[in-house]
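Protein chains: 2
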Amino acid sequence: MFCFKNGVSVTHTSLLDRAFQYGDGCFTTAYIKNSEIQLWSRHLNRLHQSAECLMLHFDETALEKQLIISLSEIRDFNGTLKIILSRGEGQRGYDFSREKEVDIYLLFFPSHQKATPYSTIAACSILNNKIGITMPNLVGVKSLNRLEQVVLKREATDKGIKEALVLDIQDRIVEGISSNCFLLLNGQWVTPYLGYNGIHGVMRAEILDRMKKSHIICQEREVYIDEVTNIQAMFFCNALHPMQAVQTIDNHILDDQITKQLFDLLKLDQM
Amino acid sequence: MFCFKNGVSVTHTSLLDRAFQYGDGCFTTAYIKNSEIQLWSRHLNRLHQSAECLMLHFDETALEKQLIISLSEIRDFNGTLKIILSRGEGQRGYDFSREKEVDIYLLFFPSHQKATPYSTIAACSILNNKIGITMPNLVGVKSLNRLEQVVLKREATDKGIKEALVLDIQDRIVEGISSNCFLLLNGQWVTPYLGYNGIHGVMRAEILDRMKKSHIICQEREVYIDEVTNIQAMFFCNALHPMQAVQTIDNHILDDQITKQLFDLLKLDQM
Chain E
1 MFCFKNGVSV THTSLLDRAF QYGDGCFTTA YIKNSEIQLW SRHLNRLHQS AECLMLHFDE
61 TALEKQLIIS LSEIRDFNGT LKIILSRGEG QRGYDFSREK EVDIYLLFFP SHQKATPYST
121 IAACSILNNK IGITMPNLVG VKSLNRLEQV VLKREATDKG IKEALVLDIQ DRIVEGISSN
181 CFLLLNGQWV TPYLGYNGIH GVMRAEILDR MKKSHIICQE REVYIDEVTN IQAMFFCNAL
241 HPMQAVQTID NHILDDQITK QLFDLLKLDQ M
Chain P
272 MFCFKNGVSV THTSLLDRAF QYGDGCFTTA YIKNSEIQLW SRHLNRLHQS AECLMLHFDE
332 TALEKQLIIS LSEIRDFNGT LKIILSRGEG QRGYDFSREK EVDIYLLFFP SHQKATPYST
392 IAACSILNNK IGITMPNLVG VKSLNRLEQV VLKREATDKG IKEALVLDIQ DRIVEGISSN
452 CFLLLNGQWV TPYLGYNGIH GVMRAEILDR MKKSHIICQE REVYIDEVTN IQAMFFCNAL
512 HPMQAVQTID NHILDDQITK QLFDLLKLDQ M
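Chains E and P, in that order, give the protein sequences.
Mapped onto the working numbering, the consecutive letters of the first sequence carry residue numbers 1 to 271.
Mapped onto the working numbering, the consecutive letters of the second sequence carry residue numbers 272 to 542.
Written out as structure tokens, the structure reads:
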């Protein structure tokens, strides 16, 4: 792993960093192929949106400059990039200065494995732990407050599953643990509306855009638990895995041919 | 400030620390008078409850040992102690090992000012930003996911106020920004029920206990926004400030004699 803070190679951060004290920041995780960040403009766009919600003062030019320098230093890079924006060091207490610029952390995790844009999940289920309803102005933000995902992931690991459907406390299907989801319901593609909670994923946005261009109708709407039995096909997606097609949900067999056809049609192996 | 991690003096933490990456941990903030931690058993009790909710493996004996050593090192200490329990370093991803023991951080902030167990807030109001509904098994936990408080504090600072009443998205009064609250409603002391969100404060628990022993009835119940006009008196409390009596809420004058009488009766200057 290679780490840089504001362009300087680092291994540590201050104990007074607000990311450590309060999770006061946001992040994005991108896939890098041959030193090129996939879906870069979407990641950048989301960083801007998150920064705005969190009132973080974020300089895009500084980030892009740091990325060019660090990528030239590590050369021919393949793997994962995690960008963390932290409000930086603070005093005791929640108050902060609006003027201070964010600290930019770049963490590169190399991988020698070939990416798998399409994969399958043999068995998927619905988790018992349910996520809450987010403070309205933090909805969709990929912030550093990720305890819900930590709890969900623990439940999935204990059950021996990799991904799972996550409900909220009002029994709406929201997303996967670390991905968004698309469902085929009564012959119609649907992705849950994320107006109360959940993460506004970059791959979700990319897929919705490609569907639109291919004239495939996809509804964004609230989906309640009682619709689970009507799911004919489904897949999860995130920036590192464009499509994870689900083969069974709670022993109910799904159509994974139709997801593969969609994958090919949308050319999800090309980002 | 003096900082110790697992008994060793430190200034930094690893970038891979899960507290930094996900806010994966919890904390408590205690007041220390003449090297003695006030309400220690309550703080310890809450750390245990939080650790249990977060599935953190926490060794109480190790914490107590570290506290004795660090307090003997800094001597005759007066000020604030912040104890942070972090799940520690991890790999990329939300998954964690159940076996790993937590990292214990002790941060001592000295203060030469005398503590003010009783203080007044001239003008208080209700914030526009509302907190969400928490994932059920994280309710009450003083976790390191504190972005809601950061947003609330910003609004208060922009309005020039120090503390304020915080509603949730269902228009229930929950707490202050960094404190709990007690309200006198129709001649009856009430403190909001914290079953959906909010922090289970140690001073709140102490005051409830002292009220009980003094035969002062205090209801713990849901309080909705339409009851605000009926508030006759109110105060905020936390481990560093036992009573912050409110003099006006949204220009409506409150009875701060009755809060002072309660303060004296409960002997809140003695912890």
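Where a beta carbon is used, it is the ideal one built from N, C-alpha and C, also for glycine.
Fair warning: this is a prediction, and the values are worked out from it, not measured in the lab.
* In the structure shown, what three-state DSSP assignment does Leu-183(E) receive? -> strand
* To do: For chain E, find out if any of its Cβ atoms is closer than 7 Å to the Cβ of Ser-341(P); answer yes or no.
  => no
* Flag this pair as yes or no: are the beta carbons of Glu-222(E) and Arg-172(E) separated by less than 7 Å? => yes
* Distance CB(Pro-117(E))-CB(Asp-264(E)) smaller than 7 Å -> no
* If you run the structure through DSSP and keep just helix, strand and coil, what is Leu-387(P)? -> Looking at the sequence shown, residue 387(P) is not Leu but Thr. Three-state DSSP puts Thr-387(P) in coil, outside helix and strand.
* Confirm, please, whether the CB-CB distance from Phe-275(P) to Ser-341(P) is below 7 Å. => yes
* Residues in the segment 138–155 of chain E with C-beta within 7 Å of chain P's C-beta atoms, listed in sequence order? -> Leu-138, Ser-143, Leu-144, Asn-145, Arg-146, Leu-147, Glu-148, Gln-149, Val-150, Val-151, Lys-153 and Arg-154
* Asked: Given His-112(E), which residues of its chain have a CB within under 8 Å of its CB, disregarding the five upstream and five downstream residues?
  -> Asn-78
* **Burial state of Asp-429(P), where buried means 16 or more other Cβ atoms lie within 10 Å** => exposed
* Listing by chain order, which chain E residues have their CB less than 9 Å from the CB of Phe-507(P)? -> Residues of chain E passing the Cβ test: none, with the nearest at roughly 14 Å.
* Could you give the residue range of the alpha helix (DSSP H) that holds Asp-250(E)? -> Looking at the DSSP string, Asp-250(E) is not in any alpha helix (DSSP H), and its letter there is neither H nor E.
* **Cutoff 6 Å; reference Leu-63(E); Cβ partners in own chain excluding five residues on either side** => Ile-104
* Asked: Under a CB-based cut-off of 7 Å, is His-283(P) close to chain E?
  -> yes
* Among Glu-89(E), His-200(E) and Leu-262(E), which residue has its Cα nearest to the Cα of Gly-356(E)? -> An answer regarding residue 356(E) cannot be provided, because it is not within the stretch 1 to 271 covered by chain E.
* Could you name the residues that DSSP lists as bridge partners for Phe-380(P)? => Thr-351(P)
* Asked: How would you label Ile-402(P), buried or exposed, when you count the other beta carbons within 10 angstroms and need 16 or more for buried?
  -> buried
* Asked: Which residues of chain E have a Cβ atom closer than 9 Å to the Cβ of Cys-452(P), listed in chain order?
  -> Neighbours of Cys-452(P) on chain E: none; closest Cβ ~17 Å, over 9 Å.
* **Chain-ordered neighbours of Phe-2(E) on chain P, where CB pairs are closer than 7 Å** => The premise fails here: Phe-2(E) is roughly 11 Å from chain P at the closest Cβ pair, so nothing lies under 7 Å.
* Counted within 10 angstroms of its Cβ, other Cβ atoms place Gly-195(E) as buried (16 or more) or exposed -> exposed
* To do: Kindly give me the distance between the Cβ atoms of Ile-169(E) and Pro-463(P), rounded to whole angstroms, as I take these residues to be in contact under 8 Å.
  => With 8 Å as the limit, Ile-169(E) and Pro-463(P) do not qualify as a contact, their Cβ atoms being about 19 Å apart.
* Under the three-state DSSP convention, the category Phe-96(E) falls into -> coil
* Relative to the C-alpha of Tyr-365(P), which residue among Phe-109(E), Glu-155(E) and Asp-17(E) is closest? -> Glu-155(E)
* Partners in chain P for Asn-129(E), counting only beta-carbon separations shorter than 9 Å -> Met-406, Pro-407 and Asn-408
* To do: From the DSSP output, in three-state form, read off Phe-263(E) for me.
  => helix
* Since Ser-41(E) meets chain P, which of its residues come closer than 9 Å, beta carbon to beta carbon? -> Ordered by position in chain P, no residue passes the 9 Å Cβ test against Ser-41(E), which lies about 24 Å from the chain.
* Along the chain, where does the beta strand (DSSP E) that runs through Gln-12(E) open and close? -> For the sequence presented, residue 12(E) should be read as His rather than Gln. Element bounds for His-12(E): 12–14.
* Find the nearest neighbour of Glu-89(E) within the set Asn-186(E), Thr-259(E), Asp-24(E) and Ser-179(E), judged by alpha-carbon distance. => Asp-24(E)
* For Ala-476(P) versus Arg-313(P), is the C-beta spacing smaller than 7 Å? -> yes
* Asked: If Thr-80(E) sits next to Tyr-31(E), beta carbons under 8 Å apart, how far is it from one beta carbon to the other, in whole angstroms?
  -> 6 Å
* To do: Determine the direct distance from the alpha carbon of Asn-451(P) to that of Val-202(E), and round the result to whole angstroms.
  => 38 Å
* **Assumed close pair Leu-378(P), Lys-413(P) - CB separation to whole angstroms, cut-off 8 Å** => About 15 Å; that fails the 8 Å criterion.
* Asked: Taking the alpha helix (DSSP H) that Met-482(P) falls in, what are its first and last residues?
  -> 473–484
* Which first and last residues belong to the beta strand (DSSP E) in which Tyr-31(E) is found? -> 25–33
* To do: Just confirm the distance between the C-beta atoms of Asn-197(E) and Ile-133(E), as a whole number of angstroms; I'd bet it's less than 8 Å.
  => 6 Å
* To do: Would you kindly work out how many angstroms separate the C-alpha atoms of Asp-59(E) and Val-102(E), rounded to a whole number?
  => 8 Å
* **C-beta contact flag for Val-166(E) and Leu-184(E) at 7 Å** => no
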